[in-house]
Amino acid sequence: MAEKRRSGSAAEPKAVKAESDEEFLCQAGVGSQLRAALLKLVEARPEDPIGFLAEHFTNEASETESVGGGDAGDGDGDALEEQQMNKALWHLRLAHHSQRSAFNNNIRVAYDLLSRCGSARRVPGGVQGRLYTEMLRCVCSDSGLLDAAAATLLHHLQCHDYEAVPFELFRQAVLTCTSFSEYIRRARCLYAAVACPSDRPAERGLCDAVLNALREALDTSHGPDASRYLEASAKISPTELARAMAETRGASREREGPGMDMREFEDAAAGLFLARVRVVH
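Numbering (my numbering), first residue to last: 789 to 1069.
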């Protein structure tokens, strides 16, 4: 009996300690923060999970500090605006645009961050046009787009500085920028496959065949999304591209014209995409 009493009294401090630890974590809100961080981690699936979590909590800490700082002057407001822009861009990098649910959630977070930039600058009904355009410029720059292509795309999508940009326009514009960036990367890969050997410009006829395939894929604009994606993918599949290139090479075997360098090919491919982007104004 005495042993039971001793064992019971020894276990009691452990139970109290466990309870106090649980209460501490609950009161500090650590559980919800960890769950949110792990959800972001699973959505993004980064190559460096530890670095991702470190950056995530750094952003969370800076946001807590900015919220607790109260009203800011002009200088502090500019610093806060830059901080919010950086955090918004970080959220937009978390998921590929093909992960549509996670990508849309991250766009919403970025939109809300930009909506809170400086109470004196806030525009009722959305993000200020100046911040919207700057955010798109950052997305294009972050994706490695050439200045000329990015400038043309931004000219299609930009709003006036004083305008209030609603969420749906913001979402569509960010999606357009990220899709265009990936399209250009794929176009560069196609050129590299055509240009053999790589130290000389590719045959113009082969480049034209690839550009025609891209044009046909971009013109696939009817029917449900899934059907359009499948049809567009089929038009630029390796089999279709090989067939088009073989036909071109057979027709031009006896005549060798001037080549096409990477920049000319990229400009032509970009023009095909940009011609289909609706102008905001």
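Just so it is clear, CB atoms sit at the ideal spot from N, CA and C, and this is done for glycine as well.
_Touch test, the segment 960-967 against the segment 920-932, Cβ-Cβ under 8 Å, three pairs minimum_ = The segment 960-967 vs the segment 920-932: in contact.
_Closest to Ala825 by C-alpha separation, out of Phe812, His885, Leu841 and Asp836, would be which residue?_
When each option's Cα is compared against that of Ala825, the closest is Leu841.
*Can you give me the Cβ contacts of Phe968 inside the same chain, cut-off strictly under 7 Å, excluding the 5 residues immediately before and after it?*
Hits under 7 Å: Leu941 and Phe1061.
*Does the Cβ of Val830 have 16 or more other Cβ atoms within 10 Å, making it buried, or fewer, making it exposed?*
Result: exposed.
*Comparing alpha-carbon positions, which option in Gly817, Asn1000 and Ala1056 lies nearest Arg1031?*
Measuring C-alpha to C-alpha distances from Arg1031 to each of Gly817, Asn1000 and Ala1056 identifies Asn1000 as the nearest.
_Euclidean distance between Cα positions of Pro834 and His884_ = Between Pro834 and His884, the C-alpha separation is close to 11 Å.
*Simplified DSSP assignment, three categories, for Glu1054*: Of the three classes helix, strand and coil, the one that applies to Glu1054 here is helix, per DSSP.
*In angstroms with no decimal places, state the Cα-to-Cα distance between Cys995 and Tyr979.*
Spanning the two alpha carbons is a distance of roughly 7 Å.
*DSSP state of Gly914, grouped into three classes?*
Note: Gly914 maps to strand in three-state DSSP.
*Secondary structure of Gly1047, DSSP reduced to three states*: Per DSSP, reduced to three states, the secondary structure at Gly1047 is strand.
*Within 10 angstroms of its Cβ, does Ile1081 collect 16 or more other Cβ (buried), or is it exposed?*
The structure shown does not extend to residue 1081, since the chain spans only 789 to 1069, so no value can be given for it.
*How many Å lie between Leu747 and Ile838 at the Cα?*
Residue 747 is absent from the model: the chain starts at 789 and stops at 1069.
*Between which two residues does the alpha helix (DSSP H) harbouring Gln960 extend?*
Looking at the DSSP string, the run of the alpha helix (DSSP H) that includes Gln960 is Phe955 to Val982.
*What first and last residue would you give for the alpha helix (DSSP H) that runs through Thr940?*
It spans Asp935 to Leu945 - the alpha helix (DSSP H) in which Thr940 sits, taken as one unbroken run.
*Cβ-based neighbour list, Cys926, same chain, cut-off 6 Å, excluding 5 preceding and 5 following*: Excluding residues within five positions, the ones whose Cβ falls inside 6 Å are Leu877.
*Does DSSP put Ala832 in a helix, in a strand, or in coil?*
Three-state result, Ala832: helix.
*Hey, is Leu942's beta-carbon within less than 8 Å of any beta-carbon in chain B?*
No chain B is part of this structure, which consists of one protein chain only.
*Contact belief for Met882 with Ala832 at Cβ below 8 Å, rounded distance in angstroms*: Residue identity differs from the one stated: residue 882 is Leu in this sequence, not Met. Their Cβ separation, rounded to whole angstroms, is 4 Å, which keeps Leu882 and Ala832 in contact under 8 Å.
_Among Ser820, Gln821, Gly1059 and His944, nearest to Leu1006 - alpha-carbon criterion_ = Comparing Cα-Cα distances from Leu1006 to each of Ser820, Gln821, Gly1059 and His944, the minimum goes to Gly1059.
*Please classify Leu827: is it buried, with 16 or more other beta-carbons within 10 angstroms of its beta-carbon, or exposed?*
Exposed is the call here.
*Which same chain residues, not among the five before or five after Tyr971, have their C-beta less than 7 Å away from its C-beta?*
For Tyr971, where only same-chain residues beyond five positions count, the Cβ hits under 7 Å are Phe1061.
*Would you say Glu1019 and Thr1027 are within 8 Å of each other, going by their C-beta atoms?*
For the 8 Å CB-CB criterion, Glu1019 and Thr1027 do not form a contact.
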